[in-house]
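See below for the structure under consideration.
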């Protein structure tokens, strides 16, 4: 799926950046700008996002700007389903 920069998508990116306390380009070890665009596009299209990134076990000890894709997808206001490749292959709709 190709993701495009739309005004709606960029607004979603800004909202997520604010939630993650990312100021300007001061990204941490978590998601980057492209990741946020992909998440915003999945949200807009109601799509399931397939990622190789592992889920972070304990977010209470992690700064929000260091959240990986699965954690960002679960945030209030984002609510995008994120699965890994194994979960995708186990979906019965594929077979």
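Residue numbers (our numbering): 9 to 103. Glycine included, each C-beta is placed from N, C-alpha and C at the ideal position. Only a predicted model underlies this, so the values are computations on that prediction, with no experimental measurement involved.
Here residue 89 has 56 as same chain residues with Cβ atoms under 6 Å from its own Cβ, once five neighbours each way along the sequence are excluded.
By the CB criterion at 8 Å, residue 35 and residue 73 fall inside the cutoff. Sorting 66, 48, 93 by C-alpha distance to the C-alpha of residue 18 places 48 at the top. By the CB criterion at 8 Å, residue 93 and residue 42 fall outside the cutoff. Sequence-distant partners of residue 100 (beyond 5 residues in either direction) whose C-beta falls short of 6 Å from its own C-beta are missing from its chain. Going by DSSP, residue 64 is part of no alpha helix (DSSP H) at all; its letter is neither H nor E. Counting along the chain, residue 51 sits inside the alpha helix (DSSP H) bounded by residues 41 to 53.
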